[in-house]
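When you number the sequence shown by our numbering, it's gap-free, plus one each residue, and the end is 273.
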Amino acid sequence: MVVLIQRTLFSFCAALLLLLPLPASAAESFQVPILLYHRFGPTVADGMTITTPVFEAQMRYLHDNGYKVIALRQLIDYYRGKAPAPGLKTVVIVEDDAHKSVYSDMLPIVRKYGYPVTIFTYPSAISNAKYAMTWDQLRTLKKSGLFEIQSHTYWHPNFKRERRKLSPAALDDLVMTQLKKSKSRLETELGTSVDMLAWPFGIYDDYLLKKASAAGYQATFTIERRHATQADSVMKLPRYLLVNADSGKAFVQLLQGNAVKRNVAY
Ligand SMILES: [Zn+2]
């Protein structure tokens with residue numbers, strides 16, 4: 008009898024525990040690496056190139072090891088209270104600068120795995136610089152349903168350098184033009200809504216963050232080499248700037264939060 012009562016009591020308590028919501032901090036605790044790529048090719052032409060076979064191997068590793076790749080938009084929706092927290096082994100993939108190798112090399116691979124990618128681009132280069140994609144190519148990427156295209160300012164200025172050269176009023180002008188013109192050009196060319204910004208060279212400060220909010224951006228991105236967590240501000244989310252050496256064991260370590268420290272020169 009005593010045993011039966013104890014058992015019933017135990018089941019009752021266990022059931023009660025299941026009904027209690029988890030504390031917010033435990034329920035929402037997550038660590039998501041945002042992987043930042045720049046360009047691809049057969050050889051490591053410069054510090055920012057990842058060879059296409061290395062990129063393919065990284066995507067295969069994610070696929071074969073139970074990682075879930077979500078769109079950056081989905082992560083941002085969490086920060087803005089519109090989506091649940093990402094689960095374990097979640098990864099986000101982004102690219103800066105809209106290099107033409109995104110179209111030739113990256114697209115076939117992410118299409119194979121169905122992985123979403125967010126591109127941050129500066130419109131002055133599109134259909135203009137030899138290394139960049141065209142507006143038509145960006146429209147094709149968007150139509151694939153896998154790509155979202157967002158802002159990287161209008162012509163990729165170094166705001167630290169500009170600040171030393173310009174008066175405060177001239178700096179204000181430059182910053183607002185860079186932020187607004189990029190957003191409106193992308194919205195017009197691609198028929199999309201632009202509210203995310205990647206800082207050129209990862210340069211940002213409180214002044215620039217205020218300007219980004221004023222220009223209508225709701226999320227901005229840096230290049231700090233660590234996972235994004237629930238404690239981060241949606242206005243300065245960290246991203247891993249990947250280099251070719253982040254392959255094999257180094258890639259696995261990076262995903263696990265033990266990335267090799269690197270100084271990447273632009
Ligand atoms: Zn860039």
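C-beta atoms are modelled at their ideal positions from N, C-alpha and C, and glycine is treated no differently.
Predicted model only: the values in this text are computed from it and were never measured.
query                                                                                                                                                                : result
Run the Cβ filter for me: residues under 5 angstroms from any heavy atom of ligand 1, listed in the order they occur in the chain.                                   : Asp103, Asp104
Excluding sequence positions up to five away, which residues of its chain have a Cβ less than 6 angstroms from the Cβ of Val182?                                     : Lys218
Thr160: buried (16+ other C-beta within 10 angstroms of its C-beta) or exposed?                                                                                      : buried
For the region 264-273 against the region 134-150, are there 3 or more C-beta pairs whose distance is under 8 angstroms?                                             : no
Between the Cα of Ala87 and the Cα atoms of Ala176, Arg192, Gln225, Thr58, which residue gives the shortest distance?                                                : Reading the sequence as shown, one finds Arg at residue 87 and not Ala. Considering only alpha carbons, the answer is Gln225.
Where does Arg67 land, buried or exposed, given buried means 16+ other C-beta within 10 angstroms?                                                                   : exposed
Identify the residues that DSSP records as bridge partners of Gly152: which are they?                                                                                : Its beta-bridge partners do not exist; DSSP assigns none.
Hey, out of Gln185, Tyr129, Gly223, Thr125, whose CA is closest to Arg80's CA?                                                                                       : Thr125
So, helix, strand or coil for Pro28, using DSSP?                                                                                                                     : With a pLDDT of only 46 at Pro28, under 50, the local geometry of the prediction cannot be trusted, and the value read off the model is given with reservation. If DSSP states are grouped into helix, strand and coil, Pro28 belongs with coil.
Return the Cβ separation of Lys187 and Ala222 in integer angstroms, given the expectation that the two are a contact with Cβ distance under 8 angstroms.             : 5 angstroms
Nearest to Asp212 by CA position, among Tyr74, Lys190, Tyr122, Leu244, is which residue?                                                                             : Leu244
Taking its Cβ as the centre, do 16 or more other Cβ atoms sit within 10 Å of Pro130, making it buried, or is it exposed?                                             : buried
Got a sec, what are the start and stop residues for the alpha helix (DSSP H) Thr160 sits in?                                                                         : Counting along the chain, Thr160 falls outside any alpha helix (DSSP H), and DSSP gives it neither H nor E.
Under the rule that 16 or more other beta-carbon atoms within 10 Å means buried, what is Leu95, buried or exposed?                                                   : exposed
Between Ala105, Asn251, Asn165, Ser111, which has its C-alpha nearest Val51's C-alpha?                                                                               : Asn251
Check whether the region 149-157 and the region 168-179 are in contact - that is, three or more C-beta pairs closer than 8 angstroms.                                : no
From Ile100 to Pro91, what does the alpha carbon distance come to, in whole angstroms?                                                                               : 19 angstroms
Tell me which residues share the same chain as Gly121 and place their Cβ nearer than 8 angstroms to its Cβ, disregarding the 5 neighbours each side in the sequence. : Leu153
Can you grab the Cα-Cα spacing for the pair Ile116 / Leu69, in whole Å?                                                                                              : 12 angstroms
Could you have a look at Lys187 and say whether DSSP puts it in helix, strand or coil?                                                                               : helix
I need the boundaries of the alpha helix (DSSP H) containing Ala64, first residue and last residue.                                                                  : 59-71
Kindly indicate which residue of Ala176, Met113, Leu173 has the alpha-carbon position closest to the one of Leu148.                                                  : Met113
When DSSP labels each residue in this structure, what does Gly48 get in the three-state scheme?                                                                      : strand
In the DSSP assignment, the alpha helix (DSSP H) including Glu169 goes from what residue to what residue?                                                            : 166-172
Do you know how far the Cα of Ser134 is from the Cα of Val259?                                                                                                       : 36 angstroms
Do Leu42 and Leu204 have their CB atoms nearer than 8 angstroms?                                                                                                     : no
Where does Asp104 land, buried or exposed, given buried means 16+ other C-beta within 10 angstroms?                                                                  : buried
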